[in-house]
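Participant: Heads up: the first sequence runs through residues 14 to 435, numbered per this note's numbering.
The following block contains the structure, expressed as structure tokens.
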Amino acid sequence: MRQSLQAVRGMMDILPDEVEKWRFIEERARNLFRRFGYREIRTPLLEATELFARSIGEATDIVEKEMYTFYDAKGRSISLRPEATASIIRAFIQHQLHTTGDRKFFLLGPMFRHERPQKGRYRQFHQIDVEAFGIQDPMLDAELMFMARSFLDEIGVKEVSLEVNTLGCSVCRPGFRTVLQDYLNANVDHLCPDCVRRIPKNPLRCFDCKVPQCKEALAEAPLLINFLCQKCLSHFESVKSYLEQLSVPYVVNPRMVRGLDYYVRTAFEIVTTHLGAQNAVGGGGRYDGLMKDLGGPDLPGIGFALGIERIMLLMSGYQPSRENDVDVYLVLLGDSARRKGFQIAQELRKKGLSVEMDYDPKSVKSQMRSADRVGATVSVIIGDNELEQSIAQVRFMKEGIQRIYELSDMAAELVDIIKGAK
RNA sequence: GUGAGUGUAGCUCAACACGGUCAGAGCACUGGGUUGUGGCCCCAGGGGUUGGCGGUUCAAAUCCGCUCACUCACCCCA
């Protein structure tokens with residue numbers, strides 16, 4: 014096999030056969046989110062690097078080593094977006110959308126992270142992202158999780174579970190952080206090097222470590238859930254009670270932390286056991302101070318993202334529609350018939366039918382084979398004999414019967430027959 | 001960034017462990033069997049510098065090195 018040109022590592026083509034499935038997902042998402050009052054937004058793939066550094070966090074892995082960052086002609090640092098939240102907030106602030114009443118948004122599109130490709134993980138990957146601003150009430154937190162689950166149900170993604178936690182806020186988290194650091198320092202002998210490194214910078218992340226010794230060492234660790242301030246505690250309790258009211262199954266995972274710095278209070282993940290190591294299908298949470306930090310109004314925010322590629326690996330409720338794409342296949346013999354057929358094709362298309370023909374002269378047998386292969390409803394056979402009499406032989410492929418039509422009224426007849434049958 | 005596995009026609013694979021007949025098969029594709037009619041069947045045909053580069057050898061798809069790509073895992077996440 015000769016291979017010289019190929020897609021850049023981690024970048025996947027979506028071929029026509031798969032596009033149908035993508036559109037299925039996208040259409041279901043648009044339809045469902047609309048019912049919950051969310052409106053679609055589209056933002057550029059490129060943003061100032063600073064936007065992500067300030068929102069996601071300067072010291073996170075994403076910003077430190079996973080972003081596609083370049084310098085433009087004037088030396089400004091720009092990056093391909095690694096996630097959508099920051100861009101949406103930026104657009105919200107830039108266009109002062111808080112003055113319009115719009116506060117619930119969703120975005121479908123590609124994100125970029127420079128990681129080693131793996132099952133369900135690509136360098137260009139696609140997310141369904143949902144964000145809501147200006148709503149403090151825990152009712153929204155629960156509704157968002159309900160909506161995410163509804164979406165997955167609707168497209169046939171079963172066997173996922175919703176894990177919920179609270180990450181506290183600027184009032185209670187710093188105190189807990191100190192307590193946790195003390196605990197970790199006291200047990201430093203049992204921790205892996207990565208976790209030791211995390212103690213000063215991001216001690217919460219140790220809960221996520223997969224090294225067995227670390228898990229053991231963390232087994233007795235203090236949990237944030239026991240150090241929450243009154244407001245965070247009641248927020249969390251309300252979220253849970255709303256989830257129960259909506260019959261959303263969930264489990265509290267007090268050890269769950271999220272990879273981005275900006276989350277406060279509610280955090281959740283949707284996980285599966287069917288994707289190997291890439292078990293996260295989606296995740297999100299609340300980020301009440303972020304809008305203000307980025308120079309906008311002091312509005313609370315909450316959102317989530319779903320990974321489309323991972324969803325597709327879990328989908329069962331999708332059957333590709335094997336309907337006839339081609340209504341009419343023109344089988345043409347001889348130069349004058351081909352010329353006439355060329356014109357007829359455009360006329361039929363103008364009337365709304367899908368029409369296919371061979372552009373190169375081929376045998377009738379070969380053209381019929383093509384008509385069969387593309388699943389044409391009828392084939393229209395025109396040769397010199399037919400042309401002389403201004404007629405055409407119309408063959409109904411599935412039925413195997415053939416009739417003669419006058420060329421003058423064939424178009425109208427075919428439209429009636431084919432549209433009537435649909 | 002680290003580790004392991006895999007790379008043979010458009011697709012799925014065979015031949016590789018002990019180098020040596022022209023690198024094969026099925027499906028797909030093209031044409032024919034029907035001087036102008038599909039699906040089934042039959043016949044024929046096209047298509048591979050065996051991922052790339054280099055080495056060992058009289059001889060490499062087969063052994064060795066490097067490289068690229070893919071896959072899985074670590075890390076991190078969607």
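Ideal Cβ placement from N, Cα and C applies to all residues, glycine included.
Run through the DSSP bridge pairs and tell me what R408 is partnered with.
Facilitator: Note: R408 sits in a beta bridge opposite S392, Q415.
Participant: Which of helix, strand or coil does DSSP assign to P313?
Facilitator: Coil, per DSSP.
Participant: Just verifying my parser: in three-state terms, what is the DSSP assignment at T73?
Facilitator: T73 falls in the coil class under three-state DSSP.
Participant: Nearest-angstrom Cα distance between Y51 and V294?
Facilitator: Going from the Cα of Y51 to the Cα of V294 covers about 21 Å.
Participant: State the start and end residues of the unbroken alpha helix (DSSP H) segment that holds F138.
Facilitator: Not the alpha helix (DSSP H): F138 falls in the beta strand (DSSP E), residues 137-146.
Participant: If I101 sits next to L120, beta carbons under 8 Å apart, how far is it from one beta carbon to the other, in whole angstroms?
Facilitator: Right, the Cβ-Cβ distance comes to about 6 Å (below 8 Å), so this counts as a contact.
Participant: Let me check one thing: in DSSP terms, what residues is Q131 bridge-paired to?
Facilitator: Note: Q131 sits in a beta bridge opposite R134.
Participant: Looking at the unbroken beta strand (DSSP E) that takes in L343, where does it start and where does it end?
Facilitator: Its beta strand (DSSP E) spans residues 341-345.
Participant: Are the stretch 155-166 and the stretch 192-203 touching by the rule of at least three beta carbon pairs closer than 8 Å?
Facilitator: With a cut-off of 8 Å, the stretch 192-203 and the stretch 155-166 do not count as touching, because too few Cβ pairs lie within range.
Participant: Contact between the stretch 296-303 and the stretch 342-356 is defined here as three or more beta-carbon pairs at a separation below 8 Å; is this criterion met?
Facilitator: With the cut-off at 8 Å, the stretch 296-303 and the stretch 342-356 do not touch.
Participant: Which residue marks the beginning of the alpha helix (DSSP H) containing I102, and which one marks its end?
Facilitator: Taken as a continuous stretch (DSSP letters only), the alpha helix (DSSP H) holding I102 covers 98-107.
Participant: Mapping DSSP to helix, strand and coil, what is P57?
Facilitator: The answer is coil: DSSP assigns P57 none of H, G, I, E or B.
Participant: My parser needs the alpha helix (DSSP H) runs of 4 or more residues fully inside the stretch 183-247; what are they?
Facilitator: DSSP runs (the alpha helix (DSSP H)) wholly in the stretch 183-247: 186-199, 206-214, 225-231.
Participant: Look up S421 in the DSSP assignment and say whether it is helix, strand or coil.
Facilitator: If DSSP states are grouped into helix, strand and coil, S421 belongs with the helices.
Participant: Using DSSP's beta-bridge definition, name the partner residues of V265.
Facilitator: Answer is V177.
Participant: Less than 7 Å between the beta carbons of S92 and T113, yes or no?
Facilitator: Contact: no.
Participant: With DSSP collapsed to three states, give me the class of P95.
Facilitator: The answer is coil: DSSP assigns P95 none of H, G, I, E or B.
Participant: Going by DSSP, what residues sit across from I283 in a beta bridge?
Facilitator: I283 is bridged to L175, G295.
Participant: Just to confirm, are E360 and A434 a CB contact at a threshold of 7 Å?
Facilitator: For E360 and A434, no; Cβs fall outside 7 Å.
Participant: Go ahead and label V86 buried or exposed: buried means 16 or more other beta carbons lie within 10 angstroms of its beta carbon, across all protein chains shown.
Facilitator: According to the sequence as given, residue 86 is Ala; it is not Val. Under this definition A86 is an exposed residue.
Participant: Report back the beta-carbon spacing between F164 and V261 to the nearest angstrom; my notes put them in contact at under 8 Å.
Facilitator: Contact doesn't hold; Cβ gap of about 13 Å is too wide.
Participant: Locate the alpha helix (DSSP H) running through G354, then write down its first and last residues.
Facilitator: Looking at the DSSP string, the run of the alpha helix (DSSP H) that includes G354 is 348-363.
Participant: Taking buried to mean at least 16 other C-beta atoms within 10 Å of its own C-beta, is G316 buried or exposed?
Facilitator: By the 10 Å Cβ count, G316 comes out buried.
Participant: Can you have a look at R103 and say buried or exposed, based on whether 16 or more other CB atoms are within 10 angstroms of its CB?
Facilitator: So R103 counts as buried.
Participant: Cβ of V341 within 7 Å of Cβ of V368?
Facilitator: Contact flag set, yes.
Participant: Looking at the unbroken beta strand (DSSP E) that takes in L120, where does it start and where does it end?
Facilitator: Segment 117-125, the beta strand (DSSP E) holding L120.
Participant: Hey, could you find the ends of the beta strand (DSSP E) E79 is sitting in?
Facilitator: Taken as a continuous stretch (DSSP letters only), E79 belongs to no beta strand (DSSP E), as it is neither H nor E.
Participant: For F249, count neighbouring Cβ atoms within 10 angstroms of its own Cβ and tell me buried if that reaches 16, exposed if not.
Facilitator: The residue in question, F249, is buried, as its Cβ has 16 or more Cβ neighbours within 10 Å.
Participant: Taking V387 as part of the beta strand (DSSP E), name the residues at either end of that continuous run.
Facilitator: That residue, V387, is in no beta strand (DSSP E); it is neither H nor E in DSSP.
Participant: Helix, strand or coil for V270 per DSSP?
Facilitator: Reduced to three states, the DSSP call for V270 is coil.
Participant: Please determine, among K363, G365, E31, I395, the residue with the shortest C-alpha to C-alpha distance to D371.
Facilitator: The shortest C-alpha separation from D371 is found at I395.
Participant: Run through DSSP, which three-state label would M25 get?
Facilitator: Here M25 sits in coil by DSSP.
Participant: Would you mind giving the Cβ-Cβ distance between D25 and Q137, rounded to the nearest angstrom? I have them listed as a contact below 8 Å.
Facilitator: Checking the sequence, you will find Met at residue 25 rather than Asp. Going by Cβ atoms, the distance from M25 to Q137 rounds to 7 Å, so yes, they are a contact pair.
Participant: Measuring CB to CB, does E176 end up less than 7 Å from M269?
Facilitator: Going by C-beta atoms, E176 is nearer than 7 Å to M269.
Participant: Can you have a look at K117 and say buried or exposed, based on whether 16 or more other CB atoms are within 10 angstroms of its CB?
Facilitator: The residue in question, K117, is buried, as its Cβ has 16 or more Cβ neighbours within 10 Å.
Participant: Take the Cβ of A20 as the centre, count every other Cβ of all protein chains shown within 10 Å, and call the residue buried at 16 or more, exposed below.
Facilitator: Looking at its Cβ environment, which holds fewer than 16 other Cβ atoms inside 10 Å, A20 is exposed.
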